[in-house]
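2 protein chains.
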Amino acid sequence: MRSDTRAGRLPEPSSPIADDGDAIRFCRTCAFAGACLAVGYGKPELEALHCLVEHVGPYRTGDHVFRTGDPFRAIFAVRAGTVKTCLVDRDGREQVLGFYLPGEVIGLNAIYPEQFPCDAIALENAQFCRFSFPAMSALATRMPAVQQHLFRLLSKELGTASLLAGDHSADERVAAFLCDLGSRYEARGFSGTRFALSMSRGDIANYLRLASETVSRVLTRFRSQGLIALEGRQVELLDADALRQLGEGLLPG
Amino acid sequence: MRSDTRAGRLPEPSSPIADDGDAIRFCRTCAFAGACLAVGYGKPELEALHCLVEHVGPYRTGDHVFRTGDPFRAIFAVRAGTVKTCLVDRDGREQVLGFYLPGEVIGLNAIYPEQFPCDAIALENAQFCRFSFPAMSALATRMPAVQQHLFRLLSKELGTASLLAGDHSADERVAAFLCDLGSRYEARGFSGTRFALSMSRGDIANYLRLASETVSRVLTRFRSQGLIALEGRQVELLDADALRQLGEGLLPG
DNA sequence: GCGGCATCTTGATCAGGATCAGTCCGGCGA
DNA sequence: TCGCCGGACTGATCCTGATCAAGATGCCGC
Numbered sequence: 004m005r006s007d008t009r010a011g012r013l014p015e016p017s018s019p020i021a022d023d024g025d026a027i028r029f030c031r032t033c034a035f036a037g038a039c040l041a042v043g044y045g046k047p048e049l050e051a052l053h054c055l056v057e058h059v060g061p062y063r064t065g066d067h068v069f070r071t072g073d074p075f076r077a078i079f080a081v082r083a084g085t086v087k088t089c090l091v092d093r094d095g096r097e098q099v100l101g102f103y104l105p106g107e108v109i110g111l112n113a114i115y116p117e118q119f120p121c122d123a124i125a126l127e128n129a130q131f132c133r134f135s136f137p138a139m140s141a142l143a144t145r146m147p148a149v150q151q152h153l154f155r156l157l158s159k160e161l162g163t164a165s166l167l168a169g170d171h172s173a174d175e176r177v178a179a180f181l182c183d184l185g186s187r188y189e190a191r192g193f194s195g196t197r198f199a200l201s202m203s204r205g206d207i208a209n210y211l212r213l214a215s216e217t218v219s220r221v222l223t224r225f226r227s228q229g230l231i232a233l234e235g236r237q238v239e240l241l242d243a244d245a246l247r248q249l250g251e252g253l254l255p256g
Numbered sequence: 004m005r006s007d008t009r010a011g012r013l014p015e016p017s018s019p020i021a022d023d024g025d026a027i028r029f030c031r032t033c034a035f036a037g038a039c040l041a042v043g044y045g046k047p048e049l050e051a052l053h054c055l056v057e058h059v060g061p062y063r064t065g066d067h068v069f070r071t072g073d074p075f076r077a078i079f080a081v082r083a084g085t086v087k088t089c090l091v092d093r094d095g096r097e098q099v100l101g102f103y104l105p106g107e108v109i110g111l112n113a114i115y116p117e118q119f120p121c122d123a124i125a126l127e128n129a130q131f132c133r134f135s136f137p138a139m140s141a142l143a144t145r146m147p148a149v150q151q152h153l154f155r156l157l158s159k160e161l162g163t164a165s166l167l168a169g170d171h172s173a174d175e176r177v178a179a180f181l182c183d184l185g186s187r188y189e190a191r192g193f194s195g196t197r198f199a200l201s202m203s204r205g206d207i208a209n210y211l212r213l214a215s216e217t218v219s220r221v222l223t224r225f226r227s228q229g230l231i232a233l234e235g236r237q238v239e240l241l242d243a244d245a246l247r248q249l250g251e252g253l254l255p256g
């Protein structure tokens, strides 16, 4: 499944990648960057934080990072590529829970059940930082900043999950989806208005609890209204304000 | 609003109440009971855990426990009564996020934004244990069991939130709602098949993203099918298996 | 180039649940 | 006792988005 451990040799030059960390410093855009900075450089805790990180990948498009039922031992920060998490009900229908960009963290919902409640599948070739969770929570007891970070990550994801549960029209959902993706790309240092959708229309639809035909239609209409430019999976938000207004009902904040 | 601190004097004899804790011991059915037991009796940490708990209430039906925008300083465990949490969008429409029974914890989604993102409203006269969050997370760094508990509580709520986000029929939603309530009552030591719905049909509908008329119709049909007995807000699950099967698509596990 | 396949788009029809409207019921205060 | 009011139930109609169906487009291997 994986080729080898040498990084930076992915045949995907246009794919966003988090800036590289090294033995001294985490990626600046990583979800754990704050925790890392908080301890300052050279402290023994920093070394501890690095000891429990393991770079894994590359995974190829369609590969599983983890599967439903796998024992929970670690959480993963996306270093490169994008991932979707999805659960598969017993009828075999999958339900997309979320998309994760470089710098974001997957696996938090496995803490309680102690096994992964969902699959995580690479949407593009992807790499990860793997944080052993026992080691991480042990470290968290010594480093309040790390504990704080974990609490915040969990709480944040809780907020976004409940927003999606609301009853909103297809237009609202799609608009909010585009705005959310944009602001997340922007937060990680990429363009917030021009980006590629790494997931299929079907995945978007599944995530938004719509039919893929509906997503197509809404996107087409948004384009004809001049709200977005669209070419295949490449999208540009032309009127981000209008989109944000449309989607405000389920946008964070 | 509150009368005094003496417990057990609520004018609501039929309302479920978590068993009483005292200075030495937490309520056995409380979400924090495990953390409490883990430290053993008489240890200094136990005293610390008690120092940061404050019994608050009683609140009367309709009272706010906290409001959207209130600065986040504490989480609350329900001691008696039931609560709903709901966010109010700028059009003034409210969206119910969840119902909380004795022993359950509210306020976890406020950690990240550092202010409450929703209102919490008592559905019956209610009392709470208030846990100062700064004190609690400080304690968590010294007591791995407390930290573990917080992680698990957060992760668990994450799981339930994403289940509700799926696209399911009205029947599935209502069936799952009834089963979930039943098993939660059971887990806290009450009957899992006979209980009173402390919330209105409108609240149920809002929570399930349905119209209240739809909830009425589904409940009526369930009754005519012999799945439940229903009299006002008093409900009995007559065929819990059938209900569970109906709702399995969005039931935890 | 070509065929094969998955993805995307567009159109026509259908259905589940929302909405609107009317009635009933129980609780409460005057 | 009465009238009021909010909550609950039921029926009729409407509308959004799902489903079914048919092309269009793009991608890959050969």
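Sequence order for the protein chains is W and R.
When we follow the working numbering, the leftmost residue of the first sequence carries the number 4, and every step to the right adds one.
When we follow the working numbering, the leftmost residue of the second sequence carries the number 4, and every step to the right adds one.
Every residue, glycine too, gets a C-beta built ideally from N, C-alpha and C.
In this text, all values refer to a predicted model and were calculated from it rather than measured experimentally.
| query | Can you find a CB in chain R that lies within less than 8 Å of the CB of Gly-43(W)? | reply | Residue placement at Gly-43(W) cannot be trusted, given a pLDDT of 47 that sits under 50; the coordinates are not used to answer.
| query | Using the C-alpha atoms, what's the distance from Ser-140(W) back to Asn-112(W)? | reply | Our two residues, Asn-112(W) and Ser-140(W), have alpha carbons roughly 15 Å apart in a direct line.
| Residues in its own chain within less than 7 Å of Leu-246(R) by CB, not counting five upstream and five downstream? | Once the five neighbours on either side are set aside, the close Cβ partners of Leu-246(R) are Ala-178, Leu-181, Cys-182, Leu-230, Leu-240.
| said: By the DSSP assignment, the alpha helix (DSSP H) with Arg-176(W) in it spans what residues? | reply: Its alpha helix (DSSP H) spans residues 173 to 190.
| message | Please give me, in chain order, every unbroken run of the beta strand (DSSP E) with length at least 3 that falls completely inside the stretch 68 to 95 of chain R. | response | Runs of the beta strand (DSSP E) inside the stretch 68 to 95 of chain R: 77 to 83, 86 to 91.
| Can we say the stretch 192 to 212 of chain R touches the stretch 184 to 198 of chain W, given the rule of at least three CB pairs closer than 8 Å? | With contact defined as three or more Cβ pairs closer than 8 Å, the stretch 192 to 212 of chain R and the stretch 184 to 198 of chain W are not in contact.
| said: For Leu-211(R) and Ile-114(R), I'd like the C-alpha separation in whole angstroms. | reply: Straight-line Cα distance between these residues: approximately 25 Å.
| task | For Tyr-115(W), decide whether its Cβ has a neighbour in chain R, counting only Cβ atoms nearer than 8 Å. | result | Tyr-115(W) has a beta carbon lying within less than 8 Å of a beta carbon in chain R.
| query | Taking the alpha-carbon positions, what's the Ala-173(R) to Gly-205(R) distance? | reply | Taking the CA atoms as reference points, Ala-173(R) sits about 14 Å from Gly-205(R).
| query | How would you write the range of the beta strand (DSSP E) that Ile-124(R) sits in, first residue to last? | reply | Boundaries of the beta strand (DSSP E) harbouring Ile-124(R): 122 to 125, taken from the DSSP string.
| request: Spatial neighbours of Ala-2(R) within its chain, please: CB distance less than 7 Å, with the 5 preceding and 5 following residues excluded, ordered by chain position. | output: The first residue shown for chain R is 4 and the last is 256, placing residue 2(R) beyond what the model contains.
| message | Quick check: what's the CA-CA separation for Arg-226(W) versus Ala-232(W)? | response | Rounded to whole angstroms, the separation of the alpha carbons of Ala-232(W) and Arg-226(W) is 6 Å.
| task | Compute the beta-carbon to beta-carbon distance between Leu-142(R) and Thr-85(R), rounded to the nearest angstrom, for a pair I have assumed lies under 8 Å. | result | For a cut-off of 8 Å, the C-beta gap from Leu-142(R) to Thr-85(R) is around 28 Å, too long to register as a contact.
| request: Grab me the residues of Arg-76(R)'s own chain with a C-beta within less than 7 Å of its C-beta, minus the 5 sequence neighbours each way, in chain order. | output: So the list reads Ser-135, Phe-136, once near-sequence residues are dropped.
| said: Distance cutoff 8 Å, beta carbons only. Does Asp-174(W) sit that close to anything in chain R? | reply: At a cut-off of 8 Å, the C-beta of Asp-174(W) has no neighbouring C-beta in chain R.
| task | Run down chain R in chain order and give the residues with a C-beta less than 7 Å from the C-beta of Asp-170(W). | result | Ordered by position in chain R, the residues that pass the 7 Å Cβ test against Asp-170(W) are Arg-212.
| task | Compare the C-beta of Phe-154(W) with all C-beta atoms of chain R and state if any pair is closer than 8 Å. | result | Phe-154(W) belongs to the set of residues whose beta carbon lies under 8 Å from a beta carbon in chain R.
| task | Would you list the one or two residues that DSSP bridges to Gln-237(W)? | result | Gln-237(W) pairs with Ala-199(W), Glu-234(W).
| query | Grouping DSSP H, G and I as helix and E and B as strand, with all else coil, what is Leu-142(W)? | reply | For Leu-142(W), the secondary structure class from DSSP, reduced to helix, strand or coil, is helix.
| Any chain W beta carbon closer than 8 Å to Pro-19(R) | Bear in mind that the predicted position of Pro-19(R) carries a pLDDT of just 49, short of 50, making it unreliable; the figure below should be weighed with that in mind. No, Pro-19(R) lies away from the interface with chain W (no Cβ there is under 8 Å from its Cβ).
| request: Anything in chain R within Cβ reach of Ala-112(W), meaning under 8 Å, just list it in chain order. | output: What sits at residue 112(W) in the sequence shown is Asn, not Ala. Those within 8 Å of Asn-112(W) in chain R are Ser-158, Leu-161, Gly-162, Ser-165.
| query | Between the C-alpha atoms of Ser-203(R) and Thr-223(W), what's the straight-line distance to the nearest angstrom? | reply | Cα to Cα, Ser-203(R) sits roughly 41 Å from Thr-223(W).
| said: Under 8 Å, Cβ to Cβ, is there at least one residue of chain R near Ala-143(W)? | reply: Yes, Ala-143(W) counts as interfacial toward chain R.
| Near-chain R residues of the stretch 116 to 129 of chain W (beta-carbon distance less than 8 Å), N- to C-terminal order | Within the stretch 116 to 129 of chain W, the residues whose Cβ lies closer than 8 Å to some Cβ of chain R are Pro-116, Pro-120, listed in chain order.
| task | Taking all protein chains shown into account, decide if Pro-74(R) is buried (16 or more other Cβ within 10 angstroms of its Cβ) or exposed. | result | Of the residues assessed, Pro-74(R) falls on the exposed side of the cut-off, its CB having fewer than 16 other CB atoms within 10 angstroms.
| task | List the whole-angstrom C-beta distance separating Thr-2(R) from Val-91(R), where the pair is believed to meet the contact cut-off of C-beta under 8 Å. | result | An answer regarding residue 2(R) cannot be provided, because it is not within the stretch 4 to 256 covered by chain R.
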